[in-house]
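Everything below concerns the one structure shown next.
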Amino acid sequence: MKTSPPPWLTKAAIKIALVVMGAILLWNAMGALFPLLMVVMTALFISLAIEPPVDWLVRKGWKRGLATGTVMLALGLVVVGSTAAFGNMFVNQMIGLVEQIPEMYEQTAQWLADRFGLDLPTQNDALQQLAATWGAQLAKNAWAVGTQVFAGLISALGLVLLVFYISAQGPKLRATICSPLPPEHQRVVLRIWATAQEKTAGYISSRVILAVINSAATFICLTILGVRYALPLALFCGVVSQFVPTVGTYIGGAGPVLFALLEAPVKGLVVLIFIIAYQQIENLVLAPKLTSKTMEINPAVAFVSVIALGTLMGPIGALLSLPLVATCQAVVSTYLHRYELVEDVLLPRSKEDDEADGEPEPPAPKAKAQAE
């Protein structure tokens, strides 16, 4: 006997098919809009970082648009001024560094041949191969390169305008977001916004201070040792070690160590010892004092967040991961109820327990005589 399917099966199949099609379309749309999403997130990150000085100027009586433009202009002047202050020395040393690349190549080739018997191509052969390979690719992709440069300029201009509008229209933007929500939800949104602003500003300020200290200390060490190109190597070490999460310390320190090692093995060893010692001082003394109130993140959580967001969103995701995780952690700790911990060997001991262990135990109360 032939049985017919239940009447709800057809409707369920249609709904499932529509949901799957909608998910596919949404996924494709997110992929197409991913560059725009990165620009928006970067603009939001920068606007949150500059909002404290903008709010300070507004409280002094400035109009918000003028305050935002002034802060952005001051930030640009600081960048241009810093570049101009070190520009001449930096460019001269970079030119000298480029001029020394052939000599360094010959020294490296000779060292590999003597130690391991490896024969690298001669300098002329390497340059000819490089020119033939890159020249052909550059000729083929000249239009694509020009298009990417133009697109990059447009994206940079759009980023600047978006940062200005988000910061200048900050109160109105928050009002637009909060107006459809009930009062209790509005308070939650505003609390999250304030926490994100605090964590982002604290992250940027602490990273800049640590980068300056790192660059200055590295520059002094390289200058004392007489390592060439001390300024660009010190700036590279300071900036990369602070603004490239997790692995930036190793990448930033590799440059000075490598160049010092090529000049003399003893210099390379001394620079390596300095990098390791400075990182210990930074991790144990400087960083805790600067980030204790802004970026209290478990190292394992920070590492996983950098890897995860870096995989999903690229370098921008890795850069934004720490302030984003710090904001989420602060919000969760605000609204999450915490209980008193039980006593267990797997949990850390409190100071009261440690102090109690050092004191003699009080005498046990005498048992009362039982009534006859």
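Residue numbering for the sequence shown is 128 to 499, as defined by our numbering.
For glycine and all other residues, C-beta sits at the position ideal for the given N, C-alpha and C.
For this session: Enumerate, from N- to C-terminal direction, the unbroken alpha helix (DSSP H) stretches of 4 or more residues contained entirely within the stretch 299-376.
Result: 310-352 and 357-370
For this session: Figure out for me which residue from S332, R334, G380 and S306 has the closest Cα to the Cα of L396.
Result: G380
For this session: Tell me whether Y356 is buried or exposed, calling it buried when 16 or more other Cβ atoms sit within 10 Å of its Cβ.
Result: buried
For this session: With a cut-off of 8 Å on the beta carbons, I'd call S294 and V181 a contact; round off their distance for me.
Result: 6 Å
Problem set entry | Beta-carbon gap between L447 and M440 smaller than 9 Å | yes
Exercise. With 16 other CB atoms within 10 Å as the buried threshold, where does K187 fall?
Worked result: exposed
For this session: Classify P180 as helix, strand or coil using the three-state DSSP reduction.
Result: helix
For this session: Locate the alpha helix (DSSP H) running through V469, then write down its first and last residues.
Result: Element bounds for V469: n/a, residue is neither H nor E.
Exercise. Is G375 closer than 9 Å to V367 when the C-beta atoms are compared?
Worked result: yes
Exercise. Which whole-angstrom value describes the C-beta separation of K326 and T454, a residue pair presumed to lie in contact below a C-beta threshold of 8 Å?
Worked result: 5 Å
Exercise. Got a sec, what are the start and stop residues for the alpha helix (DSSP H) N155 sits in?
Worked result: P134 to A159
Problem set entry | Coarse secondary structure for T249, derived from DSSP in three states | coil
For this session: Please work out which residues of its chain come closer than 8 Å, Cβ to Cβ, to L352, disregarding the five sequence neighbours upstream and downstream, and give them in chain order.
Result: A387, K394, V397 and V398
Exercise. Between T195 and M157, what straight-line distance do the alpha-carbon atoms span, to the nearest angstrom?
Worked result: 31 Å
Exercise. From which residue to which residue does the alpha helix (DSSP H) around A404 run?
Worked result: P392 to I408
Problem set entry | Which of helix, strand or coil DSSP assigns to P229 | helix
Exercise. Would F243 be called buried (16 or more neighbouring beta carbons within 10 Å of its own) or exposed?
Worked result: exposed
Exercise. Taking DSSP as the reference, what is the three-state secondary structure of V188?
Worked result: Note that residue 188 is Gly in the sequence shown here, rather than Val. Coil, per DSSP.
For this session: From the DSSP output, in three-state form, read off L475 for me.
Result: Residue identity check: residue 475 is Pro in the sequence provided, not Leu. Coil, per DSSP.
For this session: Under 8 Å by Cβ, that's how I've got I336 and A176 pegged, so tell me the actual separation to the nearest angstrom.
Result: That belief does not hold up - the Cβ atoms of I336 and A176 are roughly 14 Å apart, past 8 Å.
Exercise. What did DSSP end up calling G379 once you bin it into helix, strand or coil?
Worked result: helix
Exercise. Given a threshold of 16 other Cβ atoms within 10 Å of its Cβ, counted over all protein chains shown, does V472 qualify as buried or as exposed?
Worked result: exposed
Problem set entry | Secondary structure of G196, DSSP reduced to three states | helix
Problem set entry | Alpha carbon of W320 to alpha carbon of M165, nearest angstrom | 19 Å
Problem set entry | Backbone secondary structure at G273 - three-state DSSP | Helix, per DSSP.
Exercise. Leaving out the 5 sequence neighbours to the left and right, which residues in its chain are closer than 8 Å to F370 when beta-carbon positions are compared?
Worked result: So the list reads R334, A338 and L446, once near-sequence residues are dropped.
Problem set entry | Buried or exposed (CB count within 10 angstroms, at least 16 for buried), A323 | By the Cβ-count criterion, A323 is buried, with 16 or more other Cβ atoms from all chains shown falling within 10 Å of its own Cβ.
Problem set entry | Residue burial classification, L362 (beta-carbon count within 10 angstroms, cutoff 16) | Buried, because 16 or more other Cβ atoms sit within 10 Å of the Cβ of L362.
Problem set entry | Where G441 falls: helix, strand or coil (DSSP) | coil
Problem set entry | M148 versus A140 - alpha carbon distance | 12 Å
Problem set entry | Three-way DSSP call (helix, strand, coil) for Q237 in this model | helix
For this session: Go through its chain and collect everything with a Cβ distance to L284's Cβ below 7 Å, but skip five positions before and after it.
Result: So the list is empty, once near-sequence residues are dropped.
For this session: Take S282 as the anchor and find which of G208, T438 and L163 has the nearest alpha-carbon.
Result: L163
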